[in-house]
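Chains as they are written, first to last, in the working numbering: chain A, 1 to 91; chain B, 92 to 182. Here a beta-carbon is modelled for each residue, glycine too, at the ideal position from N, C-alpha and C. Scroll down for the structure; my scribbles are underneath it.
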DNA sequence: CAAATACATCGAAATATTTAAATGTATCAA
DNA sequence: TTGATACATTTAAATATTTCGATGTATTTG
């Protein structure tokens with residue numbers, strides 16, 4: 001995995017609200033809508049939208065548009081790639 | 092692993108210079124001195140010192156004082172703990 | 001088509017991070 | 001003990017991130 005990509009994923013993971021969103025997605029078996037996340041995270045809607053975009057840009061989550069809602073799905077694959085890189089750093 | 096700790100490690104990993112330092116430590120089998128890192132990283136000495144402190148505070152590296160030099164060692168254990176947390180997020 | 005809903009984008013303020021020059025501290029060597 | 005070396009800390013400037021109100025854009029519903 002490219003260092004630039006590792007940096008981007010790390011940045012996405014470096015915020016308590018975004019970590020909470022990922023935990024929520026895990027708990028709810030990855031299927032959550034933006035409004036559900038808005039209900040739980042104690043931030044204004046544009047802030048949540050911003051965080052979801054960062055997670056999405058890092059490919060940690062995948063946004064699936066369903067009518068006027070957006071469903072968010074955890075991207076297991078990129079987590080594997082990221083952890084593989086980190087493991088490869090070990091001596 | 093605590094979310095606060097995950098956040099701190101993620102922050103430490105979210106910088107190109109710090110990632111490069113970790114790669115250097117891996118390449119050199121974890122045994123490097125501050126001055127060696129200064130030679131390779133294109134930053135002033137206080138900046139490198141600052142980055143090493145962040146990696147050290149996140150426990151990604153361990154600083155071992157040897158006389159007037161400091162040797163840096165990769166902390167495999169914390170990498171394992173961090174990747175375990177990330178893996179546990181998967182659905 | 002008009003109103004409502006769900007989410008995104010813009011703009012701006014508050015806060016955090018990165019960087020380096022200047023300086024400080026500890027250790028070694030002569 | 002004096003000068004040099006290795007690294008840390010302080011201070012301050014530049015830059016990036018976080019946050020939210022206001023507003024914009026689709027989509028659905030009546």
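inquiry  = Can you tell me whether residue 143/B is helix, strand or coil according to DSSP?
reply    = Against the second chain, residue 143/B aligns to sequence position 52. Reduced to three states, the DSSP call for residue 143/B is helix.
key: Beta-carbon proximity list for residue 11/A, same chain, < 8 angstroms, skipping 5 on both sides   = Indexing the first chain from 1 puts residue 11/A at position 11. Cβ neighbours of residue 11/A beyond the five flanking positions: 54 and 58.
task = Answer with buried or exposed for residue 68/A, where buried requires no fewer than 16 other C-beta atoms within 10 angstroms of its C-beta.
result = For the purposes of this step, residue 68/A is identified with residue 68 of the first chain, where counting begins at 1. With fewer than 16 Cβ atoms within 10 Å of its Cβ, residue 68/A is classed as exposed.
ask   = Is it a yes or a no for the segment 26 to 39 of chain A touching the segment 113 to 124 of chain B, going by three-plus beta-carbon pairs under 8 angstroms?
value = no
message = Residues in the same chain with beta-carbon distance under 6 angstroms from residue 92/B, minus the five sequence neighbours each way, listed in chain order, please.
response = The sequence position of residue 92/B within the second chain is 1, counting from 1. Only 172 and 176 meet the Cβ criterion.
Beta-carbon proximity check, residue 91/A vs residue 108/B, cutoff 8 angstroms = The residue labelled residue 91/A in the question sits at position 91 within the first chain. The residue labelled residue 108/B in the question sits at position 17 within the second chain. For residue 91/A and residue 108/B, no; Cβs fall outside 8 angstroms.
key: Span separating the alpha-carbon of residue 174/B from that of residue 9/A   = As a working mapping, residue 174/B is identified with position 83 in the second chain. As a working mapping, residue 9/A is identified with position 9 in the first chain. If you take the alpha carbons of residue 174/B and residue 9/A, they lie about 13 angstroms apart.
request  = Tell me, to the nearest whole angstrom, how far the beta carbon of residue 180/B is from that of residue 74/A; I am working on the premise that it is less than 8 angstroms.
outcome  = Along the second chain, read from residue 1 onward, the residue named residue 180/B stands at position 89. Along the first chain, read from residue 1 onward, the residue named residue 74/A stands at position 74. Yes, residue 180/B and residue 74/A are in contact; Cβ-Cβ is about 7 angstroms, under 8 angstroms.
query = How close, in whole Å, do the beta carbons of residue 19/A and residue 98/B come, if the pair is a contact with beta carbons under 8 angstroms?
reply = Taking the first residue of the first chain as position 1, residue 19/A is located at position 19. Taking the first residue of the second chain as position 1, residue 98/B is located at position 7. Between residue 98/B and residue 19/A the Cβ distance is about 6 angstroms, and since that is below 8 angstroms, they are a contact.
inquiry  = Quick check on this structure: which residue in 14/A, 36/A, 15/A and 5/A has the alpha carbon closest to the alpha carbon of residue 72/A?
reply    = Taking the first chain and counting its residues from 1, the one referred to as residue 72/A is at position 72. That would be 36/A, whose Cα lies nearest to the Cα of residue 72/A.
key: Through-space distance from residue 115/B to residue 141/B, alpha-carbon basis   = Your numbering for residue 141/B matches position 50 in the second chain. Your numbering for residue 115/B matches position 24 in the second chain. For residue 141/B and residue 115/B, the distance between alpha carbons rounds to 17 angstroms.
query = With DSSP run on the structure shown, which of helix, strand or coil describes residue 164/B?
reply = Looking up residue 164/B in the second chain gives position 73. Residue state, collapsed to three classes: strand.
ask   = How would you label residue 3/A, buried or exposed, when you count the other beta carbons within 10 angstroms and need 16 or more for buried?
value = For the purposes of this step, residue 3/A is taken as residue 3 along the first chain, with counting starting at 1. Classification for residue 3/A: exposed.
query = Between which two residues does the alpha helix (DSSP H) containing residue 103/B stretch?
reply = Residue 103/B sits at position 12 when you count from the first residue of the second chain. Note, residue 103/B: alpha helix (DSSP H), 94 to 104.
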